[in-house]
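Written out below as structure tokens is the structure these notes cover.
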Amino acid sequence: MQKRVVVAGTFDILHPGHVYLITEALKLGEVIVVVARDKNVLSIKNHPVVIPEEQRRYMVESLKGVKRAVLGTEGSDFLSVIEELHPDILLLGPNQIVSHEEIQEELRCRGLETEVRRLQTMYREFPLTSSSAILQKASNIIRERES
């Protein structure tokens, strides 16, 4: 039986870094993606998403290798959706600011034997491998056109 692997993130503007994370997760087992809720992103990152949550979930679920994509829970207990999914592995992205050790401990306290791993490498084969970089480039292009 394949292991269940969960990855989570905003997935605002899909880019090669997202594909890389999912591809690496697929090497570990069946991939389920948790897509962050709009309100949570605003609260954590202090800026709104570009793409609404249901559209982001739909796009992520359409990616090759993704078995299922679900919306995260609203509010501060983002691990409750992990409890519901009961994965074997939670794979964190290399730039996610959460503490690997704290999440591992919290999941154990909740009775889950989920192994928490962190992808160690960033995908650098293309220049635009973050939503922020894509938005910055788009902003620069718009400014140039307006000048």
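Residue numbering for the sequence shown follows the working numbering, starting at 4 and increasing by one per position.
Yeah, the Cβ is synthetic: ideal placement off N, Cα and C, and Gly gets one too.
Separation of residue 144 and residue 134 (C-alpha to C-alpha, rounded to the nearest whole angstrom) is 15 Å.
Per DSSP, the continuous alpha helix (DSSP H) segment holding residue 141 begins and ends at 134-149.
Taking every protein chain shown into account, the CB of residue 7 has 16 or more other CB atoms within 10 angstroms, so this residue is buried. C-alpha of residue 18 to C-alpha of residue 66: approximately 11 Å in a straight line.
The DSSP assignment places 69-74 as complete runs of the beta strand (DSSP E) inside the segment 66-90, in order along the chain (cut-off: 3 residues). In the assembly as shown, residue 100 is an exposed residue. Its beta-carbon has fewer than 16 other beta-carbons within 10 Å. A residue is called buried once 16 or more other Cβ atoms fall within 10 Å of its Cβ, and residue 59 is buried on that count. Approximately 5 Å separates the beta-carbon atoms of residue 126 and residue 132; this is inside 8 Å, confirming the contact. Checking the DSSP bridge columns, you'll see residue 35 partnered with 9 and 71.
Close CB contacts of residue 79 within its chain, under the 6 Å cut and outside five residues either way in sequence, are absent. A direct Cα-Cα distance of roughly 27 Å separates residue 109 from residue 23. Exposed is the label assigned to residue 57, since fewer than 16 other Cβ atoms lie within 10 Å of its Cβ.
Where residue 24 is concerned, the enclosing alpha helix (DSSP H) starts and stops at 19-29. Spanning the alpha carbons of residue 138 and residue 21 requires a straight line of approximately 15 Å.
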